[in-house]
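Quick notes on the structure that follows.
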Amino acid sequence: MESQDSAVKTSEQQSKASAAEAEAATPMKPKNSHLCCLCNQRRAALKRPKTLQQICTDCFYDVFEDGIHRVIVNNQLFKPGERIAIGASGGKGEVKNKSSLSLSHNSVFVPADSTVLAYVLSELDKWHNYGLDLFLLSVDEGITGYRDDSLETVKRNELLYGVPLKIVSYKDLYG
Ligand SMILES: [Zn+2]
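Convert by adding 3 to the 1-based position in the sequence shown; the result is the number in the working numbering.
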């Protein structure tokens, strides 16, 4: 569920992180052949809603990740050594072969909210040495055919990103 799709810290920090995460780019029509206005080398593939800049996918990932990094640093969201739970719903996304996407940083990308957050936080933690103790946290409400499927996605994310997974279940908590 969407309510799990955020890093578990304070609600204020949560909303800041979510705001940084929430930039949804508008894909451009295929016939458009403008060059990316940031690198001036590759073809623009989307328009940023924030700035209306027409940019390529590589530059989009760069500005997206840089934007999140700036939010984290400017708001001092984390301290080194902190244990941070990333709420992981298992979402609606699917695993894409990285060769089908022109991504920087040679990583696999899964377009689901909680998965994007897990990916971006774990990568930024590595690149910028935040020193965080990250883990994925999922709640199993015991809904057969729904939560059991999404937990499989979360388990794949655990392997993909090397972030340990903790699952807490209603059954264990409440019997
Ligand atoms: Zn570009």
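We put the beta carbon where it would ideally sit given N, CA and C, even for glycine.
request  = Could you pull out every residue in the same chain whose Cβ sits closer than 8 Å to the Cβ of Val171, ignoring the five residues on either side in sequence?
outcome  = So the list reads Leu140, Ser141, Val142 and Asp143, once near-sequence residues are dropped.
key: Buried versus exposed call for Asn160 [16 or more other C-beta atoms within 10 Å across all chains shown]   = Buried: at least 16 other Cβ atoms inside 10 Å.
query = Quick one: Cα of His37 to Cα of Ala48, how far?
reply = Taking the straight line from one Cα to the other gives about 9 Å.
message = Using the three-state DSSP reduction, which class does Leu80 fall into: helix, strand or coil?
response = Coil at Leu80, not helix or strand.
query = Around ligand 1, which residues pass a check of Cβ closer than 6 Å to any of its heavy atoms?
reply = The set of residues with any CB-heavy atom separation to ligand 1 below 6 Å comprises, in chain order, Cys39, Leu41, Cys42, Arg45, Ile58, Cys59, Asp61 and Cys62.
message = Just to confirm the assignment, what range does the alpha helix (DSSP H) spanning Val119 have?
response = Residues Asp116 to His131.
ask   = In terms of residue numbering, what span does the beta strand (DSSP E) encompassing Lys169 cover?
value = Residues Leu168 to Ser172.
ask   = Leu154 to Thr118, Cα distance in whole Å?
value = Looking at the two C-alpha atoms, the distance is approximately 12 Å.
request  = Could you name the residues that DSSP lists as bridge partners for Leu139?
outcome  = When beta bridges are read from the DSSP output, Leu139 appears opposite Ile89 and Leu168.
request  = Give me the Cβ distance between Val166 and Ser125, rounded to the nearest whole Å; I'm assuming they're in contact under 8 Å.
outcome  = Indeed, because the Cβ distance is near 5 Å, the residues count as touching under 8 Å.
ask   = From Gln44, Tyr122 and Phe138, pick the residue whose C-alpha is nearest to that of His72; which is it?
value = The candidate whose alpha carbon is nearest that of His72 is Tyr122.
Where Ile58 sits in the DSSP three-state scheme = Reduced to three states, the DSSP call for Ile58 is strand.
message = I'd like the list of long-range same chain contacts for His81, defined as Cβ closer than 7 Å, with 5 residues on each side in sequence excluded.
response = Per the sequence shown, residue 81 should be read as Phe rather than His. Cβ neighbours of Phe81 beyond the five flanking positions: Ile75, Ile87, Tyr133 and Leu135.
Helix, strand or coil at Leu41 according to DSSP, with G and I counted as helix = Coil, per DSSP.
ask   = Helix or strand or just coil, what does DSSP make of Lys158?
value = Note: Lys158 maps to helix in three-state DSSP.
ask   = Among Cys40, Cys62, Val66 and Gly70, which one has its Cα closest to the Cα of Gln56?
value = Residue Cys40 is the option with its Cα nearest to Gln56.
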